[in-house]
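For the sequence shown, this note's numbering assigns the number 465 to the last residue and increments by one with no breaks.
Each residue gets a CB set at the ideal place from its N, CA and C atoms; glycine is no exception.
The model shown is predicted, which means the values in this text are computed figures rather than measured ones.
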Amino acid sequence: MRRLIRRAGRLLLALGLVLGCLLASPTSPVLAQLHEHPSETGSPVLRSLVSLRDLDDQAWQLVAFRDGASGAHLRLRVVGYPGKVRLDHPTPLQVRSGPFQWQLSDVTLESPALGNDGRSAAAEFDLSPLLAELSQDRPLRLRLPGVFTELPVPPFVVAEWRSLGGAQA
Numbered sequence: 297m298r299r300l301i302r303r304a305g306r307l308l309l310a311l312g313l314v315l316g317c318l319l320a321s322p323t324s325p326v327l328a329q330l331h332e333h334p335s336e337t338g339s340p341v342l343r344s345l346v347s348l349r350d351l352d353d354q355a356w357q358l359v360a361f362r363d364g365a366s367g368a369h370l371r372l373r374v375v376g377y378p379g380k381v382r383l384d385h386p387t388p389l390q391v392r393s394g395p396f397q398w399q400l401s402d403v404t405l406e407s408p409a410l411g412n413d414g415r416s417a418a419a420e421f422d423l424s425p426l427l428a429e430l431s432q433d434r435p436l437r438l439r440l441p442g443v444f445t446e447l448p449v450p451p452f453v454v455a456e457w458r459s460l461g462g463a464q465a
């Protein structure tokens, strides 16, 4: 019986030491899941890609990206499924977070690939003004008039978007 108690005590002590070491060790911050690839022109493109559902349960793909080196313009591409949605241009993207509101300019027609795409299932917006004003990873609510009334964007996605501005490609 004493042997069993000693073994259990040693096991608990070892478990306590391991747990203590894990809790006391400094943890590194979580890094965003950014993807890098070359563009058609060879410049580096850094992007964050996520699929989200609006309040009507329609799926949307949000691609925040920077085409070029750090400091290049940040864009947000909103992509619906061709045949299910048609996006008219220019339509500004309305963004709000609590009492704060922004309107992001529609820059879709500046992109040759999107401007000539007859499916009109994607739109591109200038993300830089929004990210310049955000000092926290706040949840956002997107509204694209005539397309969706509310698309919630969680804070971890906003954190990825904010990291695009300073990340090295």
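**Report entry** Run of the alpha helix (DSSP H) containing S424, from where it starts to where it stops
**Finding:** Within the sequence shown, residue 424 is the residue found at index 128, counting from 1. From DSSP, the alpha helix (DSSP H) with S424 extends over 424-429.
**Report entry** Distance, Q397 Cα to L358 Cα
**Finding:** Along the sequence shown, one-based indexing puts residue 358 at 62. Along the sequence shown, one-based indexing puts residue 397 at 101. Near 19 Å, if we compare the C-alpha coordinates of Q397 and L358.
**Report entry** Proximity below 8 Å, CB of G364 to CB of S339
**Finding:** Here residue 364 corresponds to residue number 68 of the sequence shown, with the count starting at 1. Here residue 339 corresponds to residue number 43 of the sequence shown, with the count starting at 1. It is a contact, given that the beta carbons lie within the stated cut-off.
Query raised in the report: Should P334 be flagged as near chain C, meaning a C-beta pair shorter than 8 Å?
Result: The structure shown contains no chain C; it holds only a single protein chain.
Query raised in the report: Which residues in the same chain as P386 place their Cβ atom closer than 6 Å to its Cβ, once the five residues preceding and following it in sequence are excluded?
Result: Here residue 386 is taken as the residue at index 90 of the sequence shown, counted from 1. Excluding sequence neighbours, P386 sits near D402.
**Report entry** Classification of T337 by the beta-carbon crowding that lies within 10 angstroms, buried from 16 upward
**Finding:** One-based indexing of the sequence shown puts residue 337 at position 41. With fewer than 16 Cβ atoms within 10 Å of its Cβ, T337 is classed as exposed.
Query - Option in L389, R343, A417, S416 with minimal Cα separation from P425 - result: In the sequence shown, the residue the question calls residue 425 occupies position 129. Of the listed residues, the one whose Cα sits closest to P425 is L389.
Requested in this report: Name, in chain order, the residues that DSSP records as bridge partners for L400.
Outcome: Here residue 400 refers to the residue found at position 104 of the sequence shown. According to DSSP, which records beta bridges pairwise, L400 is partnered with L389.
Query raised in the report: CB-CB under 7 Å to W457, same chain, minus the five flanking residues each way: which ones, in chain order?
Result: Within the sequence shown, the letter at position 161 stands for residue 457. Excluding residues within five positions, the ones whose Cβ falls inside 7 Å are S344, A360, L423, L427.
Query raised in the report: Should S407 and R434 be called a contact, given that it needs their Cβ atoms to be closer than 8 Å?
Result: Start at 1 with the first residue of the sequence shown, and residue 407 comes out as number 111. Start at 1 with the first residue of the sequence shown, and residue 434 comes out as number 138. Not in contact: S407 and R434 (Cβ atoms no closer than 8 Å).
Query raised in the report: Going by DSSP, which residues form a beta bridge with Q357?
Result: Residue 357 sits at position 61 when you count from the first residue of the sequence shown. Bridge partners of Q357: S347, V375.
Query raised in the report: In its own chain, which residues sit with a C-beta less than 8 Å from the C-beta of R439, not counting the 5 before and 5 after it?
Result: Within the sequence shown, the letter at position 143 stands for residue 439. Correct list, in chain order: L389, Q390, V391, R392, T445, E446, L447.
Requested in this report: Go to R437, then tell me how far its beta strand (DSSP E) extends in each direction, as first and last residue.
Outcome: Here residue 437 refers to the residue found at position 141 of the sequence shown. First-last of the beta strand (DSSP E) with R437: 436-440.
Query raised in the report: Whole-angstrom Cβ separation of E332 and L342, contact assumed at under 8 Å?
Result: Taking the first residue of the sequence shown as 1, we reach residue 332 at position 36. Taking the first residue of the sequence shown as 1, we reach residue 342 at position 46. With 8 Å as the limit, E332 and L342 qualify as a contact, their Cβ atoms being about 5 Å apart.
Query raised in the report: Hey, would you say L460 sits closer than 8 Å to L330, going by beta carbons?
Result: For the purposes of this step, residue 460 is identified with residue 164 of the sequence shown, where counting begins at 1. For the purposes of this step, residue 330 is identified with residue 34 of the sequence shown, where counting begins at 1. Yes, they are a contact pair.
Query - CB contact flag (V381, A417, <8 Å) - result: Here residue 381 refers to the residue found at position 85 of the sequence shown. Here residue 417 refers to the residue found at position 121 of the sequence shown. Closer than 8 Å, so yes.
**Report entry** Coil, strand or helix - P450 by DSSP
**Finding:** By 1-based counting over the sequence shown, the position of residue 450 is 154. Three-state result, P450: coil.
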